[in-house]
Structure formats: C-alpha cells, structure tokens
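K.L.:
Under the working numbering, the sequence shown is numbered contiguously, ending at residue 468.
Backbone N, C-alpha and C fix where the C-beta goes; we use that ideal spot for every residue, glycine too.
First, the structure itself, so that you have it in front of you.
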Amino acid sequence: MTSNANQYTWAGRFSEPVSDLVKRYTASVDFDQRMWRQDIRGSLAHARMLAKQGIIAAADLADIERGMAVVTEEIESGQFEWSLDLEDVHLNIEKRLTAIVGDAGKRLHTGRSRNDQVATDIRLYLRDSIDDILVLIKAFRSALVDLAEKEAATPMPGFTHLQVAQPVTFGHHMLAYFEMFGRDAERLVDCRKRVARLPLGAAALAGTTYPIDREFVAEQLGFEGVCENSLDAVSDRDFAIEFTAACALLMMHISRLSEELVMWMSPRIGFIQIADRFCTGSSIMPQKKNPDVPELARGKTGRVYGQLMSLLTLMKSQPLAYNKDNQEDKEPLFDAVDTVTDTLRIFADMAGGITIKPEAMKAALTQGFATATDLADYLVKKGLPFRDAHEAVGHAVKAAEQKGVDLPQLTLDELKAFCPQVENDVFSVLTVEGSLASRNHIGGTAPEQVKAAIARARQRLG
Ligand code: ARG
C-alpha cells in the first residue's frame, strides 16, 4: 500500500486531508480489491457503450482497452500497487489506467458514479460466485448419489427423537440430503435472476444527462436486464441478503449432515468411518481420531447465519439512495461465499471417503423394536383397526423388553397372547428386510424404490 495524501480524486473541494485513522476507517480497498476482474469488466462494457453512443471517441475506447489490458496484467502478476489513499478498487484501477493512457482514462467515468459502479461489481461478483457454487453443489450431490447407490439396500435404523424408529436404507438416507441440497441449488438459481440486473446508468442516484444505452451494457455483461429505477439500483442490497439467506439454508443442511457424521463416527455408534484425510488427532490422547471437518462445518454454519444478520441489519432503515453503510456489505458477503465454497468443495470430496459399517447398523436395528410398526400394519391387514393394533403391539413390545429380546424372537404363542390374529406368516414381516421391501412406493425406502430414485436423481443432475 502506498500513501500520498494529495492524491484524492476530490481534493479540489477539500482544505485538509483526512487523518490516517479516518483514511483506514473509510477505505475498502483491502477487501474490495478481490472484485478487480468484475470492476474492469464493468468499465470496459461502460466504455464500449460510451464510444458506441459517441460520448467518447473511438480512440479513447482503444486507449482504455489497451490500458485495462496492462492493469489486468499488473494485478495478475502481483505488480499492481494498491493504495489506501485511493480508497477502493474502483479509484485504484481508474487512477492506474489514467497513469498508463492519460486523458482517455479520465473520460472513463463519464456518465457513471462509483455508486452504480460498485453495485454493478458486486452483482457481477455474486453472479460468478453463484455459478461456481452451483457447480460445487452438483459435484457434491453427485457424490451423494454415488454413495447412495453403493448402499441402496444397506439397512440402518431410521430415527425419530434420536430413538430407533423404523428401518431405512443408508442409500435412502443419503438421498434425503440429495433433495435438501437440490432445493438449495434451486434457491440460488432463482436468486441469480435478481442478481443479474444492471445498475449502471443510475449514476449517483438520479440517472445521467448523457445519451447512454443501458440495454447494450446489460447485454455486454450478460445481465438479464437493467434495474428499472435509478434510486433503487444504487441503494438496495436485497439481492446480497437473498444470496446469503440461501447460503445460510445451505449451511443449515450441511450442519445437519455434519452432526450425523459426527455421531455416526463416534465409537459408541460406529456406523461409519471418514477417510483419515478429513480427521485430525489429539495432541494429548494418542488414540483419538476426531471428525474435525464436519465439526468445523457445523461451527461455520453460525458464521454464515451471522453474515446474514449483518447484511439485514446493514440495510435496515437506510434512507434512499446510496449511503456509505453499503460499503459494509462486502466482507459478510465475501465471507459467506468463501465459507460455502470451501465447505462444498470439502464435502464433495469427503462423501467419497465415507465407509459404511453395515454390521453396526444391523446391530442397532435389533435393539429398538424397529419393526413394531410393521407388526401393527400386519394386524390391520388381518382386520384390526389401526388404534387397536397399535395398542396390541405396544403390549408385545413391553413383553419383549422384559424378556430382553426383539420382536422377531418372541414365539408365535407369545405374540398370539397379545393379538390372536397373528399367524406364522408374521415372521417375514418382522424382519428388517421385509420391513424395508414393503415400503414400496415413490419416496419410500424399499431398495427397489431407492434404486429408482437414484436413476431419477442422476437424470435430474443432468
Ligand atoms: N467503496 C464504495 C462502496 O463500497 C464505493 C462507492 C462509494 N461512493 C461514494 N459516493 N462514497 O460502496
């Protein structure tokens, strides 16, 4: 960072420079420089429009294009000198451009303000980020489907209230997450439509006196349209809030999966192993292998919720139009992008590194009367009203519990004592395999259905 107090763009109106503290307090270049590609892309589109409309000369455009190529090279190679005096990414780039090409650089800002410029840059940055995140969600979902396919028929206990409830297959369980992350992707796709609208042309707040062509700029930048109102264009950050809300939901789903992974990996449960590359040891306890990655992801969820709250609070009660408060939108937003991006990248990889321990799952299934509902359904099919069947099975479960066995270990006579309708065919219903196979409808856990769901999932992934 270089410093030169006389370089302010607006020096003409001011009689003294700001203190170093105020300079540091008001500058954003430390964090907004990451939008430099978007800033240059936006400036080039604006300059092309200015030239096309005869607002600047063709020679100026040529100079701007040549200068921006140099700036790009300097930033890419790390030679570019970012200056705190120049406040933000926009002024840093414009100043350097002007140093390289002279007056053409000074003409770039014709009909534009940093207010519509920064709003455009954030939207471009966010649109790029959404596209990257969508690719990552797809890779992660595809890893979930692979895992589901491998374990399409592997029985595990399904839980409600963390109590063994009914048998499900591990594949079915993974596909539940496939659905959640699918909705997260849908939300981002929808949000993208509102992100991809062009603020440029709004200038400071009221529009500009030059004969601009906003549609042309929108098209150049691949936007879906222009922001219809100039005041709204420069001031609202609802699209960023919406994006962060979608990220918060995505992280909420990540935290649920993380929690399950952590529990499943606990030796007390022991349903899975995660590949060593996602775990760390303890500095004192030599035996430990800790699921640090899912634990951290669970923790980072709070971080993204926090960024959402920051942005909502930042926007609350802001009068129209642009206020400097909005400069505070970037760090929360960038942090949400980074957190979600890294988390998805790791999870896509980690899903492929999960090994199942089917014996442990099977053993857990014999401990919680997982087929009690199947027995009740069996009795209903023998003519009992469901409530009566429910009660009869409740008694049978109590007896099995006292005897220290699972339902299938009760004898036919013992079962008949609670429900005389029971016959020898009951035992096929009481097995885990029978229970699974009988939930044979769309959305059910029968291995046949899980396989069909996997085929559809692959098609939906495209
Ligand atoms: N760095 C500013 C931001 O991030 C750019 C816009 C500043 N405009 C202004 N009039 N101060 O929002």
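Using only the alpha-carbon positions, how far apart do arginine 200 and asparagine 235 sit?
P.N.:
For the purposes of this step, residue 200 is taken as the residue at position 194 of the sequence shown. For the purposes of this step, residue 235 is taken as the residue at position 229 of the sequence shown. Approximately 14 angstroms, taken between the alpha carbons.
K.L.:
Short of 8 angstroms in beta carbon distance, which residues of its chain neighbour arginine 19, apart from the five on each side in sequence? Order them along the chain.
P.N.:
Position 13 of the sequence shown holds residue 19. So no residue of the chain qualifies.
K.L.:
Any heavy atom of the ligand ARG closer than 8 angstroms to the Cβ of aspartate 38?
P.N.:
Mapped onto the sequence shown, residue 38 falls at position 32. Within the cutoff, so yes.
K.L.:
How would you write the range of the beta strand (DSSP E) that methionine 162 sits in, first residue to last?
P.N.:
In the sequence shown, the residue the question calls residue 162 occupies position 156. Methionine 162 -> beta strand (DSSP E) spans 161-166.
K.L.:
Short check: CB of alanine 405 to CB of alanine 395, under 9 angstroms?
P.N.:
Residue numbering aside, residue 405 sits at position 399 when the sequence shown is read from its first letter. Residue numbering aside, residue 395 sits at position 389 when the sequence shown is read from its first letter. Going by C-beta atoms, alanine 405 is not nearer than 9 angstroms to alanine 395.
K.L.:
Roughly how many angstroms separate the alpha carbons of phenylalanine 392 and glutamine 427, rounded to a whole number?
P.N.:
Locating residue 392 in the sequence shown gives position 386, counting from the first residue. Locating residue 427 in the sequence shown gives position 421, counting from the first residue. Across the structure, phenylalanine 392 and glutamine 427 are spaced so that their CA atoms are roughly 13 angstroms apart.
K.L.:
Would you be able to state if there are at least three C-beta pairs under 8 angstroms between the segment 200-215 and the segment 243-251?
P.N.:
yes
K.L.:
What did DSSP end up calling valine 411 once you bin it into helix, strand or coil?
P.N.:
Here residue 411 refers to the residue found at position 405 of the sequence shown. Note: valine 411 maps to coil in three-state DSSP.
K.L.:
Using 8 angstroms as the cut-off, classify the Cβ of tyrosine 131 as near or not near the heavy atoms of the ligand ARG, replying yes or no.
P.N.:
Counting from 1 along the sequence shown, the entry for residue 131 is found at position 125. Flag unset: Cβ of tyrosine 131 not near the ligand ARG.
K.L.:
With DSSP collapsed to three states, give me the class of glutamine 123.
P.N.:
The residue you call residue 123 lines up with position 117 of the sequence shown. In this structure, glutamine 123 counts as helix in the three-state DSSP scheme.
K.L.:
For alanine 208, which residues from the same chain have a beta carbon less than 6 angstroms from its beta carbon, with the 5 sequence-adjacent residues on both sides left out?
P.N.:
Here residue 208 refers to the residue found at position 202 when the sequence shown is read from its first residue. Excluding positions up to five away in sequence, the list reads Asp122, Ser236, Ala239 and Val240.
K.L.:
Can you tell me whether DSSP reads isoleucine 360 as helix, strand or coil?
P.N.:
By 1-based counting over the sequence shown, the position of residue 360 is 354. Three-state result, isoleucine 360: strand.
K.L.:
Can you give me the start and stop residues for the beta strand (DSSP E) that proline 173 sits inside?
P.N.:
Here residue 173 refers to the residue found at position 167 of the sequence shown. Note, proline 173: beta strand (DSSP E), 169-175.
K.L.:
Assuming contact is defined by CB atoms lying nearer than 9 angstroms, are leucine 320 and aspartate 380 in contact in what I supplied?
P.N.:
Reading the sequence shown from its first residue, position 314 is the one you call residue 320. Reading the sequence shown from its first residue, position 374 is the one you call residue 380. Going by C-beta atoms, leucine 320 is not nearer than 9 angstroms to aspartate 380.
K.L.:
Look up valine 232 in the DSSP assignment and say whether it is helix, strand or coil.
P.N.:
For the purposes of this step, residue 232 is taken as residue 226 along the sequence shown, with counting starting at 1. In the three-state reduction of the DSSP assignment, valine 232 falls in the strand class.
K.L.:
By Cβ distance below 7 angstroms, which residues in the same chain neighbour alanine 254 in space, the five residues on each side in sequence not counted?
P.N.:
In the sequence shown, counting from the first residue as 1, residue 254 sits at position 248. Once the five neighbours on either side are set aside, the close Cβ partners of alanine 254 are Val310, Tyr311 and Leu314.
K.L.:
In three-state terms, what does DSSP make of arginine 203?
P.N.:
As a working note, residue 203 is residue 197 in the sequence shown. Note: arginine 203 maps to strand in three-state DSSP.
K.L.:
Whose CA, out of Lys363, Val432 and Gly164, lies closest to the CA of valine 386?
P.N.:
As a working note, residue 386 is residue 380 in the sequence shown. Of the listed residues, the one whose Cα sits closest to valine 386 is Val432.
K.L.:
So alanine 303 packs on phenylalanine 146, CB below 8 angstroms; how close in whole Å?
P.N.:
Residue mapping note: residue 303 aligns to position 297 of the sequence shown, counting from 1. Residue mapping note: residue 146 aligns to position 140 of the sequence shown, counting from 1. Not confirmed; about 12 angstroms, so no contact.
K.L.:
Determine whether the beta carbon atoms of valine 223 and alanine 33 lie at a separation below 9 angstroms.
P.N.:
Translated into positions along the sequence shown, residue 223 becomes position 217. Translated into positions along the sequence shown, residue 33 becomes position 27. No.
K.L.:
State yes or no: is the C-beta of alanine 370 within less than 9 angstroms of the C-beta of phenylalanine 249?
P.N.:
Taking the sequence shown and counting its residues from 1, the one referred to as residue 370 is at position 364. Taking the sequence shown and counting its residues from 1, the one referred to as residue 249 is at position 243. Not a contact, by the Cβ cut-off of 9 angstroms.
K.L.:
Less than 9 angstroms between the C-beta atoms of proline 453 and alanine 158, yes or no?
P.N.:
Within the sequence shown, numbered from 1, the residue matching residue 453 stands at position 447. Within the sequence shown, numbered from 1, the residue matching residue 158 stands at position 152. Closer than 9 angstroms, so yes.
K.L.:
For histidine 96, which residues of its own chain have a beta-carbon under 7 angstroms away from its beta-carbon, when the five flanking residues on both sides are left out?
P.N.:
Along the sequence shown, one-based indexing puts residue 96 at 90. These residues qualify, in order along the chain: Asp45, Arg120, Gln123 and Val124.
K.L.:
Given the structure, does aspartate 94 come close to the ligand ARG, in the sense that its CB is under 8 angstroms from one of the ligand's heavy atoms?
P.N.:
Residue numbering aside, residue 94 sits at position 88 when the sequence shown is read from its first letter. True, at least one ligand heavy atom lies under 8 angstroms from that Cβ.
K.L.:
Under the rule that 16 or more other beta-carbon atoms within 10 Å means buried, what is tryptophan 270, buried or exposed?
P.N.:
If you number the sequence shown from 1, residue 270 lands on position 264. Buried, since its Cβ has 16 or more Cβ neighbours within 10 Å.
K.L.:
Could you check if lysine 29 belongs to the surroundings of the ligand ARG, using beta carbon to heavy atom distance under 8 angstroms?
P.N.:
Mapped onto the sequence shown, residue 29 falls at position 23. Answer for lysine 29: no, Cβ out of range of the ligand ARG.
K.L.:
Should leucine 418 be labelled buried (16 or more other beta-carbon atoms within 10 Å of its own) or exposed?
P.N.:
For the purposes of this step, residue 418 is identified with residue 412 of the sequence shown, where counting begins at 1. So leucine 418 counts as exposed.
K.L.:
Just to confirm, does serine 316 get its C-beta within under 8 angstroms of one of the non-hydrogen atoms of the ligand ARG?
P.N.:
Indexing the sequence shown from 1 puts residue 316 at position 310. It does not: the Cβ of serine 316 is nowhere closer than 8 angstroms to a heavy atom of the ligand ARG.
K.L.:
Under 8 angstroms Cβ to Cβ from leucine 467, same chain only, skipping five residues before and after it: list those, please.
P.N.:
Translated into positions along the sequence shown, residue 467 becomes position 461. So the list reads Lys144, Arg147, Ser148 and Val151, once near-sequence residues are dropped.
K.L.:
Smallest Cα separation from threonine 372: which of Ala105, Gln324 and Gly164?
P.N.:
Position 366 of the sequence shown, counted from the start, is the residue given in the question as residue 372. The candidate whose alpha carbon is nearest that of threonine 372 is Gly164.
K.L.:
Any contact between the segment 23-40 and the segment 210-226? By contact I mean 3 or more CB pairs, one from each, below 8 angstroms.
P.N.:
no
K.L.:
Using the three-state DSSP reduction, which class does asparagine 332 fall into: helix, strand or coil?
P.N.:
Looking up residue 332 in the sequence shown gives position 326. Asparagine 332: helix per DSSP, three-state reduction.
K.L.:
Closer than 6 angstroms by C-beta to leucine 339: which residues in its own chain qualify, once you throw out the five before and the five after it? Chain order, please.
P.N.:
Here residue 339 refers to the residue found at position 333 of the sequence shown. These residues qualify, in order along the chain: Ala246.
K.L.:
Alanine 402 and leucine 416 - do their beta-carbons sit closer together than 9 angstroms?
P.N.:
Translated into the one-based positions of the sequence shown, residue 416 becomes position 410. Translated into the one-based positions of the sequence shown, residue 402 becomes position 396. Note that the C-beta distance between leucine 416 and alanine 402 is below 9 angstroms.
K.L.:
With a threshold of 16 other CB atoms inside 10 Å of the CB of asparagine 10, please say whether the residue is buried or exposed.
P.N.:
Numbered from its first residue, the sequence shown carries residue 10 at position 4. Reliability of the predicted coordinates at asparagine 10 is poor, the pLDDT of 47 falling under 50, and the value obtained from them is presented with this limitation in mind. Counting Cβ neighbours within 10 Å, asparagine 10 comes out exposed, since fewer than 16 surround it.
K.L.:
Nearest CA to the CA of valine 28: which residue from Ala57, Leu90, Lys422 and Glu80?
P.N.:
Taking the first residue of the sequence shown as position 1, residue 28 is located at position 22. Minimum Cα distance to valine 28 is reached at Leu90.
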